[in-house]
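In the numbering used here, the protein residues as written are 229 to 468.
Heads up, the beta-carbon is just placed ideally off N, CA and C, and yes, glycines get one too.
Below: one structure, written as structure tokens.
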């Protein structure tokens, strides 16, 4: 509801006022957003310095981003300090405003105890880029609001406490034994058949899904996908 309200600010409802982003494709898909790299045309590889856009790309991105009031970044734990700095540089470049993130408000969500950035420092660490000293640590400009109410495990307080101890690396030997007791390879008959299963590999996931499908009493249909490419594939790709 809040996002829909924010998106309607302005005269043209087609303008993007709130940009939903995340560091990975999966995370972006989960919020119906786009990746940070695609949103700001950032190179995927590790670069030692900021790379400015060509005039054409800058003008195109400036046109798309001209109405943005709020940038939302989900899964902030996976955003490194270098990536955050490059986002800042890009927003300054396209807005022409030499302020943190080009004067655009940034709202970040995530749990800093979760997945860390790949080959970068945590987002709250100072960037190694020498130019970053002009702006200080960008993370210091953020205000922290911590959500303390547990919603997902609110009906299982003991399990919620166990997960918090694992999160904080304060788990006990009893916690480990509890988790081992949920290992279906050791105790295959001591769990509800429809409970959630977590596996380390896709092969194990496929094996479990096949097993569950075999227990269904409903008729099974197999739909085969047919993938086709244009006859002139190179020309079609260049047009895109």
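Taking each of 439, 332 and 438 in turn and checking the Cα distance to residue 300, the smallest one comes out for 332.
Taking residue 308 as reference, the option from 453, 354 and 290 with the minimal CA-CA separation is 354. Per DSSP, residue 247 is not a residue of any alpha helix (DSSP H); the beta strand (DSSP E) it occupies stretches across 246-250. In the three-state reduction of the DSSP assignment, residue 453 falls in the coil class, being assigned neither a helical nor a strand state. DSSP, reduced to helix, strand and coil, places residue 281 outside both helices and strands of the structure shown, so it counts as coil. In this chain, the beta strand (DSSP E) harbouring residue 300 covers 298-301.
In the displayed model, residue 262 falls within a strand according to three-state DSSP. The alpha carbon of residue 260 has as its nearest neighbour, out of 318, 439 and 302, the alpha carbon of 302. Within the segment 342-399, the alpha helix (DSSP H) runs of at least 4 residues that lie entirely inside it are, in chain order, 385-395. In this chain, residue 335 is not harboured by any alpha helix (DSSP H); it is covered by the beta strand (DSSP E) spanning 333-336.
A straight line joining the alpha-carbon of residue 410 with that of residue 420 spans about 11 Å. Residue burial is scored here from C-beta neighbours: residue 314 has at least 16 other C-beta atoms within 10 angstroms and is therefore classed as buried. Rounded to the nearest whole angstrom, the C-alpha separation of residue 324 and residue 337 is 26 Å. Rounded to whole angstroms, the separation of the alpha carbons of residue 254 and residue 374 is 24 Å.
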